[in-house]
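Participant: Protein chains in written order, with this note's numbering: chain A, 190 to 456; chain L, 9 to 317. Quick reminder that beta carbons are idealized off the backbone N, C-alpha and C, glycines included.
#1: Could you spell out where the alpha helix (DSSP H) holding residue 280 (chain L) opens and where it closes?
#2: Would you say residue 456 (chain A) reaches chain L, if we count a Cβ-Cβ gap shorter than 7 Å as a contact?
#3: For the 8 Å Cβ check, are there 3 or more pairs between the region 291-300 of chain A and the region 106-113 of chain L?
#4: Name, please, each residue of chain L whose Cβ falls closer than 8 Å to the Cβ of residue 319 (chain A).
#5: Residue 314 (chain L) by DSSP, collapsed to three states: which one?
#6: Quick one, are the C-beta atoms of residue 38 (chain L) and residue 174 (chain L) less than 7 Å apart?
#7: So what does DSSP say about residue 70 (chain L), is it helix, strand or coil?
#8: If contact means a Cβ-Cβ distance below 9 Å, which residues of the region 223-257 of chain L contact chain B?
#9: Any Cβ of chain A within less than 7 Å of the Cβ of residue 279 (chain L)?
#10: Looking at C-alpha atoms only, which residue of L:280, L:153, L:43 is the closest neighbour of residue 72 (chain L)?
#11: Please confirm if residue 90 (chain L) has its CB atom under 7 Å from at least one CB of chain A.
#12: Any beta carbon of chain A sitting closer than 7 Å to that of residue 201 (chain L)?
#13: Report yes or no: do three or more beta-carbon pairs, one from the region 198-216 of chain L and one from the region 266-279 of chain A, lie closer than 8 Å?
#14: Can you tell me which residues form a DSSP beta bridge with residue 165 (chain L)?
#15: Measure from the alpha carbon of residue 170 (chain L) to the alpha carbon of each residue in L:68, L:249, L:156, then state which is nearest.
#16: Please name the residue or residues paired with residue 236 (chain L) in a DSSP beta bridge.
#17: From the DSSP output, in three-state form, read off residue 359 (chain A) for me.
#18: Can you pull the chain L residues whose beta carbon is under 7 Å from the beta carbon of residue 325 (chain A), in chain order?
#19: Contact check, residue 148 (chain L) vs residue 154 (chain L) under 8 Å by CB: the rounded distance?
#20: According to DSSP, what are the bridge partners of residue 295 (chain A)?
#21: Going by beta carbon distance, what residues of the same chain come within less than 6 Å of residue 128 (chain L), once the five residues before and after it are set aside?
#22: When you check each C-beta in the region 352-366 of chain A against every C-beta of chain L, which residues fall closer than 7 Å?
#23: Relative to the C-alpha of residue 97 (chain L), which residue among A:258, A:268, A:293 is closest?
#24: Leaving out the 5 sequence neighbours to the left and right, which residues in its chain are closer than 7 Å to residue 253 (chain A) when beta-carbon positions are compared?
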């Protein structure tokens, strides 16, 4: 822990700054950092946020501590849940259709991402029936990416294997092949907003919808990021360094969100 | 002398073997729950014991090792799934992955939205259900059952999702009364949709409660009119049973250690040993619980704090 915090803690803090009060935040399975980011945002600056835990919606602003962990660990939401979602109803417009709708903010991962934020979760290999590497499946992301307003791609590593020139399979649409794709296919929502990796923060250029470098985390360089990205990122003139965690963010993170230290145990 | 039969409401309580006897080779079977919670494992283990083969499996909509063990035990020819992973224990279920890669398991690829569209189409006896999820993607390419079409009213591109009706559904809940009024604790996940579409439904419960208890809070009844109820305390083990016990991390790691050797090296000796220990050598669910051990089970209660995570 060179700088007094782990990369996971840095990411949780950085991501939490992008979540506004009033949003309703959810994250996918096996995504501790986004869960932590959501809870941190909630405790730090989001008294009106709702947090999605274990298929329930809750507001835990006044709860002293909610330990991040399993999505289905009902100890976290027992006594906190305000609404129990029937799983099948979470696909309806009310859940997705508004900016700060019931599901306004979501974190997604993938096994491959391309420059337009399209995702692959099916697998790698030319023969779909005999894949070289079988992925876990797209979960609900094909649907989510059609509708949600604040979608953040969360990458657990920054490598050419993840950030690829061409997806083996397109499982879910970010911006397709450019600015007209979503309109052509009548996809209602705006598309993904940003991408966070252990090296950098990226967003999407307004005109071309291509992924663009926004900031580089402390300890990394623009060259390193370009070397580890399988496609050409848009690199602006001036690329700032990602702001490190503040003392307040770390305090809340370590006492109210992750006292078990899951973000401090690499591996 | 008048002989009069006493009319009595029929109890649906049966044993685990009888429930799975309704499952035949080649059937489409749904197994409810979600990720590491609420799987009807007493019934799943009996199904494996029965040696059911060539099943089309519809696991939970976000499935986990309950699907992996059915695959590893050789029961599943085809899986209809949006996701098969075990969260922080394993991002992708090992035997799901390896069997699919080797072409031994056919994957009917779906998004979570398609899963419910398919069940809804079956429940409503419609030829398809329209879905926007997957429009513009490679879904129709990897799953040719889905057809891209233009809607007849506005001409918008949509996918036609064919109906899927499970022959038998195996579900888990906290409570039922003897007459099949099922009351889960918590959200009940997607089990209601499975129930709507399935031809036969068997539910495994922690506890059989009195009908009077059901009538006190009828809004908790998630579904009813099932074909059989099986009483199986700790029945979701090693997965969580909301309101009763959390997932058994140690046991899950024991399973994964055996499964990963099978997946990575092709050596199934450890995996077969696991199956023998927890399924083939045990007769009933109670035997299974005895094998797991009381100390282990009692350590899974919800108020023990974060150390067990």
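Facilitator: Taking the structure as given:
#1: For residue 280 (chain L), the enclosing alpha helix (DSSP H) stretches over residues 277-283.
#2: Since pLDDT at residue 456 (chain A) reaches only 43, below the 50 mark, its modelled position is unreliable, and no value is offered.
#3: Remark: fewer than three beta-carbon pairs, one from each stretch, lie closer than 8 Å, so the region 291-300 of chain A and the region 106-113 of chain L are not flagged as touching.
#4: The contacting residues are 109, 110, 111.
#5: Summary for residue 314 (chain L): the model assigns pLDDT 40, below 50, so the residue's position carries little reliability; its value from the coordinates is reported in the next sentence. Note: residue 314 (chain L) maps to helix in three-state DSSP.
#6: Yes, Cβ-Cβ distance for residue 38 (chain L) and residue 174 (chain L) is below 7 Å.
#7: The answer is coil: DSSP assigns residue 70 (chain L) none of H, G, I, E or B.
#8: Within the model displayed, chain B is absent; protein chains A and L are what it includes.
#9: In terms of beta-carbon proximity, residue 279 (chain L) stays away from the interface with chain A, with every pair separated by 7 Å or more.
#10: Answer by Cα proximity: L:43.
#11: Yes, because at least one Cβ of chain A sits closer than 7 Å to the Cβ of residue 90 (chain L).
#12: Taking a beta-carbon distance threshold of 7 Å, residue 201 (chain L) counts as an interface residue toward chain A.
#13: In short, these stretches touch, since the Cβ pair count reaches three.
#14: In DSSP, residue 165 (chain L) forms a bridge with L:158.
#15: Nearest C-alpha to residue 170 (chain L): L:156.
#16: According to DSSP, residue 236 (chain L) bridges with L:210.
#17: Look at residue 359 (chain A) here: in three-state DSSP terms it is coil, with no helix or strand label.
#18: By Cβ distance, chain L contributes 91, 92, 93, 99, 100.
#19: Residue 148 (chain L) to residue 154 (chain L), Cβ: 5 Å. Contact.
#20: A:215, A:340, per the DSSP bridge assignment.
#21: Contacts found: 137.
#22: Listed in sequence order: 358, 359, 360, 361, 362, 365.
#23: When each option's Cα is compared against that of residue 97 (chain L), the closest is A:258.
#24: So the list reads 445, once near-sequence residues are dropped.
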